[in-house]
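Letter by letter, the sequence shown follows residues 1 to 189 in UniProt numbering. Ideal placement from N, C-alpha and C gives every residue a C-beta, glycine not left out. Bear in mind that the values here come from a model prediction, so they are computed numbers and not experimental data. Before any comments, here is the structure.
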Amino acid sequence: MTDLTLRCECGTLQGTVKNVSPKTGNHLVCYCDDCQGFANRLDAGGKWLDEWGGTELFQLAPAQVDIHQGADQLRCMRMTPKGVYRFYTACCHSPIANTISRKMPFAGIPTTAIHGDGKEAAFGPVKCYVMGKFAKGTPPTNPHPKFSASSLMAVMSFMLKNKIKGTNVPTPFFDDQGRAVAKPDQIER
């Protein structure tokens, strides 16, 4: 397992993602319209999305994420009223994490925000390509239109294992009452 640096593009926000390995998280690419809309709202679609509109993520437990500096730069948006919380930085509009709630042991970190020697080995190969119905063109990876049974099983078993272990907390994304550390902007579509 490897500890890697979490950092926004300008370096104002810095932290650590701990114990990263193919066994402690899920490496995936998501083509959903919310991930694309989020990147485009940050005017970063060209930087953070692949040519087919995919976002490469490493999903891990929130307790594996520490923010050492720049936490005051965290901002949040939700693409729909009950959608995931999407955290980014005010300083340079870098996407930092997607998460569901304080109770759920899930944080999807864009791999572009993770730095360090050996990060590719720590992530392992991409396990799944999901929400392909929103892809731009035809990705060579042939993503599932939504979630394949194996990708759904990988995510669900990951969340169940981490829920049992209690790794939903501590979390840098929610306070003790379960409120996001930054009030979410509600996006009008």
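1) Span of the beta strand (DSSP E) holding G37?
2) Could you give the first and the last residue of the continuous alpha helix (DSSP H) run that contains M131?
3) Use the C-beta contact count for R7: other C-beta atoms within 10 angstroms, 16 or more gives buried, fewer gives exposed.
4) What does the alpha-carbon distance come out to for the pair D132 and G124?
5) Consider the C-beta atom of H115 and the heavy atoms of the ligand PLP; say whether any pair is separated by less than 7 angstroms.
6) Roughly how many angstroms separate the alpha carbons of N168 and N142, rounded to a whole number?
7) Check whether the segment 91-109 touches the segment 58-75, counting contact only when three or more Cβ pairs, one atom from each stretch, lie closer than 8 angstroms.
8) Please report how far the alpha carbon of F134 lies from the alpha carbon of G37, in whole angstroms.
9) Taking the straight line between their C-alpha atoms, what separation do you get for M104 and A154?
10) Using the Cα positions of V65 and E9, report the straight-line distance between them to the nearest angstrom.
11) Return helix, strand or coil for F106, following the three-state DSSP convention.
12) Do the segment 38-55 and the segment 87-96 make contact, defined as three or more Cβ pairs closer than 8 angstroms?
13) Out of curiosity, what's the CA-to-CA distance linking G15 and L4?
14) To the nearest angstrom, how far is it from the Cα of N98 to the Cα of G137?
15) Quick one: residues in its chain with C-beta nearer than 6 angstroms to the C-beta of G25, no 5 flanking neighbours on either side, listed in chain order?
16) Where does D175 sit, in a helix, a strand or coil, going by DSSP?
17) Using C-beta distances below 6 angstroms, list every residue in its chain close to P139, excluding the 5 sequence neighbours before and after it, in chain order.
18) Using alpha carbons as the reference points, say which of I100, S148 and A113 lies closest to G178.
Concretely, from the data shown:
1) In the sequence shown, counting from the first residue as 1, residue 37 sits at position 37. Counting along the chain, G37 falls outside any beta strand (DSSP E), though it belongs to the alpha helix (DSSP H) covering D33 to R41.
2) Along the sequence shown, one-based indexing puts residue 131 at 131. Neither: M131 is in no alpha helix (DSSP H) and is coded neither H nor E.
3) Taking the sequence shown and counting its residues from 1, one reaches residue 7 at position 7. Buried is the call here.
4) Locating residue 132 in the sequence shown gives position 132, counting from the first residue. Locating residue 124 in the sequence shown gives position 124, counting from the first residue. According to the sequence shown, residue 132 is Gly rather than Asp. In a straight line, the C-alpha of G132 is about 21 angstroms away from that of G124.
5) Although the ligand PLP was asked about, the structure shown includes no ligands whatsoever.
6) Within the sequence shown, the letter at position 168 stands for residue 168. Within the sequence shown, the letter at position 142 stands for residue 142. Rounded to whole angstroms, N168 to N142 spans 32 angstroms at the Cα level.
7) yes
8) Residue numbering aside, residue 134 sits at position 134 when the sequence shown is read from its first letter. Residue numbering aside, residue 37 sits at position 37 when the sequence shown is read from its first letter. Rounded to the nearest angstrom, the two C-alpha atoms are 11 angstroms apart.
9) Here residue 104 refers to the residue found at position 104 when the sequence shown is read from its first residue. Here residue 154 refers to the residue found at position 154 when the sequence shown is read from its first residue. The straight-line gap from Cα to Cα measures roughly 15 angstroms.
10) Numbered from 1 along the sequence shown, position 65 holds the residue referred to as residue 65. Numbered from 1 along the sequence shown, position 9 holds the residue referred to as residue 9. Their Cα atoms are separated by approximately 17 angstroms.
11) The residue labelled residue 106 in the question sits at position 106 within the sequence shown. Here F106 sits in coil by DSSP.
12) yes
13) Counted from its first residue, the sequence shown places residue 15 at position 15. Counted from its first residue, the sequence shown places residue 4 at position 4. Cα to Cα, the separation comes out at about 9 angstroms.
14) Working through the sequence shown from its first residue, we reach residue 98 at position 98. Working through the sequence shown from its first residue, we reach residue 137 at position 137. N98 and G137: Cα-Cα distance of roughly 25 angstroms.
15) Taking the sequence shown and counting its residues from 1, the one referred to as residue 25 is at position 25. Result list for G25: F58, Q59 and L60, in chain order.
16) As a position in the sequence shown, residue 175 is number 175, starting the count at 1. If DSSP states are grouped into helix, strand and coil, D175 belongs with coil.
17) Within the sequence shown, residue 139 is the residue found at index 139, counting from 1. Here the set comprises W52.
18) Locating residue 178 in the sequence shown gives position 178, counting from the first residue. Among I100, S148 and A113, the Cα nearest to that of G178 belongs to I100.
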